Amino acid sequence: MGMLRIISHRGDDRLLWNEQDARAGDAEAMAALREVERIFAQERARGATAFRVEAGKPVERLGQFDPQASQIIMVPRVVGG
Amino acid sequence: MKVDTLVYVLLAIMVCVSLVLFWWFNSSAERRARQLLRAVLTEDQYRQLFQRGYLDIASPSDPQRFYRVPRAHGRVHLIENKILQASLCLQPLDWVPDADYVVIHKLMIEADEQTYLLKANRIVPINASRRIV
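Those sequence lines, one after another, are chains A and B. Reminder that position 54 of the first sequence reads as 58 in the working numbering, one-by-one numbering, no gaps. Reminder that position 4 of the second sequence reads as 8 in the working numbering, one-by-one numbering, no gaps.
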């Protein structure tokens, strides 16, 4: 089970997907995965940065969506203040 | 009841409802942001943040360097060898709750320190006593 968390003025929006079910051909899981990928790409296009955050591992910047990640956090575009 | 009185009453009700909605929306966002912060920080980091009001994040590239991130929006201190080297200002384009602000700095510093330093505006202190630790 993976979770995409997008930081915003609402706190964070959370989207879940199940890669194993999607790989097994579950239509609902495949649709959920496609939707998460679409939103990931949309946020990246808006300037957001994605990080893979997993317990016990160093934080890693992600260039593209990884369906095997257990948690991805997207940070909105930042600028020097 | 006169029409103008009715208008005033309706306006007052609308203002009250707006204030309640604004408060509810903000507290909901803050609560979600705190949940994310709790999930991202270790127990020690979380305790430090709420006891001292800041979070120290070690530089991944330099063992003598760390970043002091305030609990609320504000400048991040870049400290090397216990001496303040600069104050850094970097913020999201959109408003985010305070707890998310800490998460953003932590993730960027730990995963992509060079980009973080490139993007942040840097304010270098002038000769004052800079030993702060």
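Heads up, the beta-carbon is just placed ideally off N, CA and C, and yes, glycines get one too. Everything numeric in this text was worked out from a predicted model, so none of it was measured.
Practice task
Just the chain B side, please: which residues come within less than 9 angstroms of Pro62 (chain A) by C-beta, in chain order?
Solution key: Pro64, Glu114 and Ala115
Exercise for the section: Specify the secondary structure class of Phe55 (chain A) as computed by DSSP and reduced to three states. Expected result: strand
Problem - Ile76 (chain A) - DSSP class collapsed to helix/strand/coil - result: strand
Handout entry: Spatial distance of Asp104 (chain B) from Asp48 (chain B) (CA atoms)
Key = 18 angstroms
Handout entry: Whole-number beta carbon distance between Val83 (chain A) and Leu97 (chain B), since they are thought to touch under 8 angstroms
Key = 6 angstroms
Handout entry: Proximity test, Cβ basis, 8 angstroms: Phe69 (chain A) and chain C
Key = Looking for chain C here will not work: the only protein chains present are A and B.
Handout entry: Contacting residues, own chain, Cβ-Cβ under 7 angstroms from Ser65 (chain B) (five flanking each side not counted)
Key = Glu117
Handout entry: Proximal residues to Ala36 (chain A) (C-beta, below 6 angstroms), its chain only, five neighbours per side dropped
Key = Trp21
Handout entry: Beta-bridge partners of Ala124 (chain B), as assigned by DSSP
Key = According to DSSP, which records beta bridges pairwise, Ala124 (chain B) is partnered with nothing at all.
Problem - Sequence ranges, alpha helix (DSSP H) only - wholly within the region 70 to 128 of chain B, length at least 4 - result: 102 to 115 and 117 to 123
Problem - C-alpha gap between Pro129 (chain B) and Leu45 (chain B), whole angstroms - result: 30 angstroms
Handout entry: heavy atom of the ligand SAH below 7 angstroms from Leu10 (chain B) C-beta
Key = Of the ligands one can find in the structure shown there are none, so the ligand SAH has no counterpart to examine.
Practice task
Could you tell me the distance, in whole angstroms, from the CA atom of Arg9 (chain A) to the CA atom of Lys123 (chain B)?
Solution key: 23 angstroms
Practice task
Examine chain A for any beta-carbon lying closer than 8 angstroms to the beta-carbon of Ala76 (chain B), and answer yes or no.
Solution key: no
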